[in-house]
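Read through the structure below, which is laid out as structure tokens, and then see the notes.
Residue numbers (UniProt numbering), protein chains in the order written: chain A, 1 to 621; chain B, 1 to 621.
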């Protein structure tokens with residue numbers, strides 16, 4: 001009964017021995033693969049198939065386009081190689097390093113070319129992956145260069161593979177300028193290579209309908225010359241027209257001078273503080289001594305864009321108010337130029353194009369700061385590879401400040417200084433973690449963009465928003481305290497939401513009295529005299545702690561236990577009425593489960609052999 | 001070029017559309033499966049194919065035999081169902097619970113029978129597994145009952161599956177006494193069910209050649225009546241013959257009275273202390289008030305067996321010395337009867353058969369205690385689901401006590417009291433973890449057997465042996481301190497090794513002075529008056545700590561930081577000469593990597609559908 005099906009319809013299959021059956025089975029798998037490849041190699045990629053695009057290298061010779069299929073849990077990549085030599089490496093790794101990386105490799109010995117899924121070990125040596133999860137879909141020569149098409153499941157269940165998650169992905173590339181005879185022969189440290197950060201898993205958002213009275217305004221640099229240095233932050237002051245009424249920004253997009261796509265790293269438009277009647281004009285580097293101090297009062301974000309991002313659309317119910325009374329006419333454009341090749345004399349007029357309307361939408365959008373107060377009481381010991389600090393927005397504050405119908409968070413911008421490695425905000429209700437608001441497990445302080453959330457997050461009175469940042473201080477010899485300085489730290493999530501409320505800041509820090517007990521305890525436990533005299537500043541007290549695992553672990557325990565001081569503020573200086581000192585830490589009775597990675601269906605993985613690619617003969621230049 | 005191979009040899013395959021190709025592909029997979037099943041269902045399992053055997057239920061109606069293939073990383077199971085009703089569940093779970101379990105299920109609606117790989121969720125509801133990893137190889141009716149043959153890879157990379165590892169595995173079973181129409185219809189809480197602990201991954205050891213002058217001696221119970229209660233520890237005193245010379249025990253095996261296989265849970269033979277000339281005879285329960293106190297001096301293990309274990313062979317270079325001068329003539333047999341059905345009047349003469357020789361082998365074997373000293377300074381706070389304590393055997397001690405050529409550990413018996421959940425000993429050399437000596441991630445205090453190691457572990461002077469135990473005190477309201485009591489805790493690994501050395505104990509505990517600082521710190525930090533007066537005992541001090549996350553975490557930090565007191569002893573009372581107080585904790589600069597589970601090759605996983613099994617009609621009794 002068990003045998004009667006399928007068999008005879010396709011082939012006549014006499015009673016094979018087991019080994020023969022297995023071998024025939026694999027032959028069929030191979031056959032299937034070959035047919036699949038043939039079937040797909042014919043299809044010509046269309047432009048709109050790949051809505052996202054980013055240059056990989058500073059010259060823009062490698063151009064990555066991609067799309068994301070959430071139903072399939074797969075990313076399709078189209079890599080344009082404008083000038084193919086003897087192949088290239090493309091892949092992903094935790095923070096852009098070439099060790100322990102997950103790589104797709106195209107290589108050629110001059111006559112034959114191959115494609116394979118590989119990984120690099122802790123010493124950077126390349127190995128063929130036992131499970132081939134970068135799946136080549138096609139290779140096509142075109143006037144612009146060679147197009148490589150391939151796909152990768154978000155999660156492959158191969159422990160050698162990178163898990164593609166929400167948030168930042170560090171893409172790496174390497175260019176093979178010499179023929180290579182095997183994958184193993186590639187010396188990864190000797191090739192031209194680099195990294196590019198992108199948000200691969202862009203949210204799949206339907207674009208809201210735009211009103212007919214929509215206008216545009218370009219805030220762009222006035223044909224400046226990009227300085228011939230690796231890093232420049234350029235500041236340019238712009239003004240809204242006189243008597244500009246209240247409008248809603250409903251969309252914005254980057255305007256990038258042709259040819260500078262690989263140089264413009266990120267851009268932000270800030271609105272200046274309304275309490276000053278005027279701001280000086282300025283057009284120059286942001287760190288110049290010539291820059292007027294008053295420009296520091298232009299910090300209200302109107303728009304932010306980073307490489308790899310496209311247009312930013314507000315949800316159709318909301319817009320960002322600007323113009324009108326109580327709103328400054330002055331705007332500051334800040335452009336981060338990343339020029340590692342130190343190109344000279346490049347002109348640039350990049351910036352941001354705002355789309356706005358006078359037909360105000362139902363809700364004003366607002367921005368709220370979650371995380372930690374900027375205070376030195378929250379500190380990170382030196383020499384830590386992964387130290388966590390957590391800031392709380394408590395139920396008491398949301399109870400007081402949010403409307404009964406709640407607010408909807410639709411976008412988020414994570415922020416730390418240089419030691420930040422991960423940031424996550426979780427929504428908790430009645431002690432149970434419910435939802436991740438935004439998470440970036442490969443966060444980089446060099447890549448801070450406003451990200452649309454995949455879905456609106458509703459926050460109601462009594463909810464708690466818990467923001468945790470992970471820091472690395474392995475290269476530091478003294479404690480890193482909280483604060484504004486570039487070598488001090490922050491842990492902030494700027495959430496964009498509607499309808500706007502009075503709550504601008506919902507952040508916390510450890511109670512200073514308990515921190516004082518910690519310094520006393522450290523003093524008594526260790527056989528050393530640590531200066532914990534209260535007349536010394538908190539940073540000085542932290543700098544004088546003799547750091548060891550005990551003092552480090554007890555600081556962790558303190559932060560996990562001690563009551564907090566809440567900043568539940570209308571603006572940075574004005575608190576909501578109430579008692580906000582020595583508040584209990586929120587208790588969490590139920591954590592969110594780590595999502596179990598979905599493995600690709602069985603036919604998704606290929607045998608561990610390079611796939612021949614027909615590129616013809618390749619020659620040296 | 002890509003297309004030219006395979007195709008025409010097997011079938012003529014016209015240019016299919018992709019969907020058709022995929023569907024044909026699956027047809028081939030199905031075909032392959034069916035052929036495989038047909039091929040394997042014919043083979044008759046031979047007795048020796050399954051060297052390990054254990055009854056699952058107290059009546060012995062379900063009998064599990066198995067073998068282990070390390071090259072394939074697969075366990076083959078043969079389950080004998082002596083009286084099949086409407087199917088059964090067999091599986092594995094963390095600690096024998098029926099929630100979150102990984103199950104193979106055979107079920108019948110009376111007419112048709114099916115087999116499938118399933119899992120139970122946190123509420124105990126059954127679900128078909130999306131990846132079928134219990135692979136049915138055959139079902140055979142025989143006079144004894146139904147034999148089910150199936151296999152399971154150690155690791156399947158399916159997150160719903162149990163990972164089969166070294167150490168204890170909690171097997172679970174359930175009996176279907178009513179017809180069921182689907183897997184989902186099985187109410188797992190309403191069926192007859194139970195658990196059995198075994199070491200599934202028995203080491204694959206070649207049996208050493210046994211000498212021709214080998215003799216045997218049976219230490220067995222003298223036809224006793226098993227008490228009609230669930231748990232009995234039976235004690236019986238035996239004697240070696242007068243003038244018995246020094247011999248080597250080179251092997252031992254269980255002797256189990258036929259019919260009592262499911263009742264005899266574990267057995268140990270102890271030798272008494274040589275300092276007493278005689279010991280009273282005794283034959284009765286170990287906890288009886290009639291038992292002479294002197295029997296407590298019979299604690300030197302000669303042999304230990306637990307359910308599921310077979311014969312124990314010493315390595316061919318070594319034997320366990322007994323007899324001769326300086327060795328007691330008196331032996332104590334201890335048998336643990338597990339009689340959950342409270343059977344009455346069962347006679348039993350089970351015990352252990354020792355195989356020994358007068359031709360002494362090259363080395364005497366020895367036993368060494370690793371882990372924690374039995375002292376209350378090592379304590380576990382109440383209410384913890386997973387609290388770790390670590391005992392150290394330091395480089396300084398092994399430097400002093402081990403011969404230059406080192407010792408070889410060949411077996412290990414892990415030991416904790418009731419709160420123990422995991423035990424692991426790791427060998428570290430020059431600060432780098434090198435090797436796991438023995439690990440049990442599903443350790444149960446109810447299943448303590450001597451386990452042969454898969455390979456000898458060589459320990460040299462200067463090596464460190466670090467033993468970590470994980471405890472669960474969720475059901476306790478006061479701290480659990482170290483000590484001998486059943487509600488106190490131990491963390492010990494008895495390692496069996498050769499050549500014997502003087503080192504009998506290599507264990508540690510936290511320095512009491514640092515613990516005193518901890519009590520002071522707790523006292524000052526918390527706003528309560530905790531009695532830390534030194535005249536109060538350490539257990540009293542622990543009982544008076546107001547437990548909260550801070551006091552718990554700081555205790556952890558203390559144990560991870562404070563210097564230790566070493567017991568580097570020739571016997572429990574005699575230390576090696578040297579300074580053993582306030583020793584630095586070993587530093588570990590490199591941890592062992594968690595082994596990456598090897599996933600089965602692609603054809604290993606089956607589509608998620610039950611497989612029909614031809615068992616004919618099944619009827620109610």
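Built from N, CA and C at the ideal position, the CB exists for glycine as well.
No Cβ of chain A is located within less than 8 Å of the beta carbon of residue 565 of chain B. Put simply, of A/512, A/290 and A/400 the residue whose alpha carbon is nearest the alpha carbon of residue 501 of chain A is A/400.
For residue 545 of chain B and residue 522 of chain B, the gap between their C-alpha atoms comes out near 7 Å.
If the five residues before and after residue 134 of chain A are omitted, its C-beta is found closer than 7 Å to the C-beta atoms of 104, 117, 150 and 152, all from its own chain and listed in chain order. Per DSSP, the beta bridge partners of residue 102 of chain B are B/92 and B/119. Non-local beta-carbon contacts of residue 354 of chain A in its own chain, meaning distances under 6 Å to residues more than five positions away in sequence, involve 217, 249 and 252 in chain order. Only residues of its own chain outside the window of five on either side were considered, and among them 313 have a CB closer than 7 Å to the CB of residue 207 of chain B, listed in chain order.
Assigned with DSSP and collapsed to three states, residue 135 of chain B falls in strand.
Contact between residue 473 of chain A and residue 381 of chain A holds, since their C-beta atoms are separated by about 7 Å, short of 8 Å. Within the stretch 514 to 594 of chain B, the complete alpha helix (DSSP H) runs of at least 4 residues fall at 538 to 544 and 549 to 561. Judged by beta-carbon spacing, residue 332 of chain A lies within the 8 Å limit of residue 235 of chain A, meaning their Cβ atoms are closer than that value.
Distance between residue 421 of chain B and residue 279 of chain B, taken at the CA atoms: about 36 Å.
Neighbours of residue 560 of chain B in chain A, taken as residues whose beta carbon is under 8 Å from its own, are 549, 550 and 553 in chain order. Across the structure, residue 496 of chain B and residue 60 of chain B are spaced so that their CA atoms are roughly 33 Å apart.
The Cβ-Cβ distance between residue 173 of chain A and residue 106 of chain A does not fall below 8 Å.
Pairing residue 50 of chain B with residue 73 of chain B gives a Cβ-Cβ distance that is not under 8 Å. Closest by C-alpha distance to residue 576 of chain B, out of B/506, B/612 and B/516, is B/506. Across the stretch 104 to 128 of chain B, no CB contact with chain A closer than 8 Å is found for any residue. Judged by DSSP secondary structure, residue 57 of chain B falls outside any alpha helix (DSSP H); it is assigned neither H nor E. The continuous stretches of beta strand (DSSP E) do not include residue 213 of chain A, and DSSP gives it neither H nor E. Using beta-carbon distances, residue 517 of chain A counts as an interface residue toward chain B, with a partner under 8 Å. Bridge pairing for residue 312 of chain A: A/252 [DSSP]. Secondary structure note for residue 399 of chain A: its alpha helix (DSSP H) is the uninterrupted segment 395 to 401. Taking a Cβ-Cβ threshold of 8 Å, the residues of chain B close to residue 525 of chain A are 517 and 521, in chain order. For residue 69 of chain A, the three-state secondary structure derived from DSSP is strand.
Close to chain B, meaning a Cβ-Cβ distance shorter than 9 Å, is no residue of the stretch 422 to 446 of chain A at all. Counting C-beta atoms within 10 angstroms of its own C-beta, residue 69 of chain B has fewer than 16 neighbours from the protein chains shown and is therefore classed as exposed. Within the DSSP bridge table, the entry for residue 507 of chain A names A/371 and A/567 as partners.
Secondary-structure assignment with DSSP links residue 199 of chain B through a beta bridge to B/168.
Residues of chain B with a Cβ closer than 8 Å to the Cβ of residue 412 of chain A do not exist; the shortest Cβ-Cβ separation is about 29 Å.
In terms of Cα proximity to residue 315 of chain B, the closest of B/210, B/225 and B/415 is B/210. For residue 189 of chain B, the closest of B/268, B/97 and B/274 by C-alpha to C-alpha distance is B/97. Buried is the label assigned to residue 550 of chain B, since at least 16 other Cβ atoms lie within 10 Å of its Cβ. Cβ neighbours of residue 119 of chain A within its own chain (closer than 6 Å, five residues either side excluded): 102, 127, 129 and 160.
Rounded to whole angstroms, the separation of the alpha carbons of residue 470 of chain B and residue 445 of chain B is 12 Å. Secondary structure note for residue 428 of chain B: its beta strand (DSSP E) is the uninterrupted segment 420 to 429.
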